[in-house]
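Notes follow once the structure below has been shown.
Number of protein chains: 2
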Amino acid sequence: SRRRRVHEVLFFNELGEICLDHHRGKSFTNTNDCSNSHCSLRSLEKIAVLMDEAQYSIDVAIYTFTSNTLWLALKRALQRGVSIRVISDREMVYSSSSKIQEMAAFGVPVRGPFKTDLIMHHKFCVIDGLARVQEILQMKQRKWPRPYESVLVSGSVNWTNSGFGANYENCTISSDEVMTRQYQEEFNRMWKFFGDT
Amino acid sequence: SRRRRVHEVLFFNELGEICLDHHRGKSFTNTNDCSNSHCSLRSLEKIAVLMDEAQYSIDVAIYTFTSNTLWLALKRALQRGVSIRVISDREMVYSSSSKIQEMAAFGVPVRGPFKTDLIMHHKFCVIDGLARVQEILQMKQRKWPRPYESVLVSGSVNWTNSGFGANYENCTISSDEVMTRQYQEEFNRMWKFFGDT
Ligand SMILES: [Zn+2]
Ligand SMILES: [Zn+2]
């Protein structure tokens, strides 16, 4: 059952932070009133809101993850019982500013091509991907899911402050069935492969 | 007028090069017979074929561009009279393995945020984007276009040999009207801004 269809491209550019003074000191979750249509804070908040709406799962494949805003959203999801899995790159796991170690300390399983020289360069997450939700329902022996929507967030943008700032980046949000299914499938394939090696 | 609808996600992963021996010594444009469904050569060839089908324009916004295959495809497009514009990053323009300088020497206009510290991190191209084709038809004072299809190629993958190899990357090919229009609009916005500054 789908609540709504999401399909939007977020662009980050030199106009993304011209409204920073307007936001300073205000609550982060209040960017809807921003008159800057390129507002990077609002774009980042849109991604956090999608995570806040997750019902069952968030599968993250991210090269660089230092964004506190998105880590807070993932922590809120964890506290709601949402299942989170993370695939990342070797370099980022050992980077001090990376959130990956903190996530692992919180009990989030983390995998990646850590024994190889291959770079894990994806920057996507699948929220409530159909195949993953079915897997979770089966594990919990539940037949009837709560309403949920499979959503893909994917682009050039790493989950960092500079990525979500004034650099030139894109990020597509899509609930297209083909897109969410294919990304969830590749995540599952990588997850299994990195677990076996 | 649209010839066909394209909508496909290419994934690059550790299986991408297990068929390299099969291809070695053979013509590049002959990967359709490859039995490896993750073949990275075939995925790269799909992008080159889309460039070969360009009728009017290819607008490229790319952080790193060292792929000889795609540069050859762009050169073929140039020779057919296709209008090519490139937006890239400062660091890449001065990198010796980058194709950007070679393209500029071929007469391809190149722009970017070269006077700022901002990173141009996009990895996309729009082929025959509607707004750009209309602009070109107007410049040439033609009313009736040849059949063409607007296509977007965008993902995590830079246009390098390692990107199109065994690293973990994604690349979405889409002729979705909203997607191609929005990326073409942001390209045009950046193009104008980088030209004025
Ligand atoms: Zn704002
Ligand atoms: Zn092959």
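Protein sequences appear in the order of chains A and B.
For the first sequence, position 143 matches number 141 in my numbering, and the numbering has no gaps at all.
For the second sequence, position 42 matches number 40 in my numbering, and the numbering has no gaps at all.
Each residue gets a CB set at the ideal place from its N, CA and C atoms; glycine is no exception.
Beta-bridge analysis with DSSP links N168 of chain A to A:F9. Per DSSP, reduced to three states, the secondary structure at V4 of chain B is coil, with no helix or strand assignment.
Take L8 of chain A, set aside five residues on each side of it, and the residues of its chain with a beta-carbon closer than 6 angstroms to its own are S41 and C169, in chain order. Selection A:Q53, A:I85, A:T62 and A:K97 evaluated against L76 of chain A yields A:Q53 as nearest (Cα-Cα).
At the C-beta level, Y166 of chain A and N66 of chain A stay beyond 7 angstroms of one another. Exposed is the label assigned to M137 of chain A, since fewer than 16 other Cβ atoms lie within 10 Å of its Cβ. Contact of K121 of chain B with chain A is assigned, a C-beta pair being separated by under 7 angstroms. For A75 of chain B, the enclosing alpha helix (DSSP H) starts and ends at N66 to Q77. For N168 of chain B, a Cβ of chain A is located within less than 7 angstroms of the residue's own Cβ. In the three-state reduction of the DSSP assignment, L18 of chain A falls in the helix class.
Listed by position along the chain, the residues with Cβ atoms less than 7 angstroms from a non-hydrogen atom of ligand 2 are B:C17, B:H20, B:H21, B:T29, B:C32, B:N34, B:C37, B:L39 and B:R40.
Contact annotation, A59 of chain A with F112 of chain A: C-beta distance approximately 14 angstroms; criterion of less than 8 angstroms not satisfied. Interface with chain B (7 angstroms Cβ-Cβ cutoff): S154 of chain A is included.
Chain-order list of chain A residues neighbouring Q180 of chain B: V7, by C-beta distance under 7 angstroms.
Look at the beta carbons and you see the region 130 to 145 of chain B not touching the region 91 to 100 of chain A: under three pairs across the two are nearer than 8 angstroms. By the beta-carbon neighbour count (other beta carbons within 10 angstroms, threshold 16), S95 of chain B is exposed.
One thing to note: R144 of chain B has its Cβ no nearer than 7 angstroms to the Cβ of Q182 of chain B. V149 of chain B is bridged by DSSP to B:I125.
Scanning its chain for C-beta atoms nearer than 7 angstroms, with the 5 sequence neighbours on each side dropped, one finds around A46 of chain A the residues T67, L68 and A71, in chain order. In this structure E6 of chain A touches I171 of chain A by the C-beta definition: roughly 5 angstroms separates them, less than 8 angstroms. For A164 of chain B, the chain A residues whose C-beta falls within less than 7 angstroms of its own C-beta are L116, listed in chain order. The beta carbon of N156 of chain A is closer than 6 angstroms to those of Y61, T62 and K121 in its chain, skipping five residues each way along the sequence. Nearest neighbour of M101 of chain B by Cα position, chosen from B:V84, B:T114 and B:D115, turns out to be B:V84. With contacts defined by Cβ atoms closer than 7 angstroms, I98 of chain A and I56 of chain A do not form a contacting pair. Excluding five sequence positions before and after F192 of chain A, the CB atoms of its chain that fall closer than 8 angstroms to its own CB belong to I85, R109, G110, P111 and F112, given in chain order.
In the DSSP assignment, S86 of chain A falls within the unbroken beta strand (DSSP E) covering S81 to S86.
Listed by position along chain A, the residues whose Cβ is nearer than 8 angstroms to that of P111 of chain B are E12 and Y166. At least 7 angstroms separates the beta-carbon of G23 of chain A from that of A164 of chain A.
Interface flag for E43 of chain B against chain A is unset, since no Cβ pair is found closer than 7 angstroms.
Nearest CB-CB separation between E184 of chain B and chain A: below the 7 angstroms threshold. In the three-state reduction of the DSSP assignment, D194 of chain B falls in the helix class. The secondary-structure analysis by DSSP pairs V108 of chain B across a beta bridge with B:V84. As a beta-bridge residue in DSSP terms, V58 of chain A pairs with A:V84 and A:C123. Residue range S38 to D50 is occupied by the alpha helix (DSSP H) that includes V47 of chain B.
Here the alpha carbons of K73 of chain A and E51 of chain A stand approximately 13 angstroms from one another.
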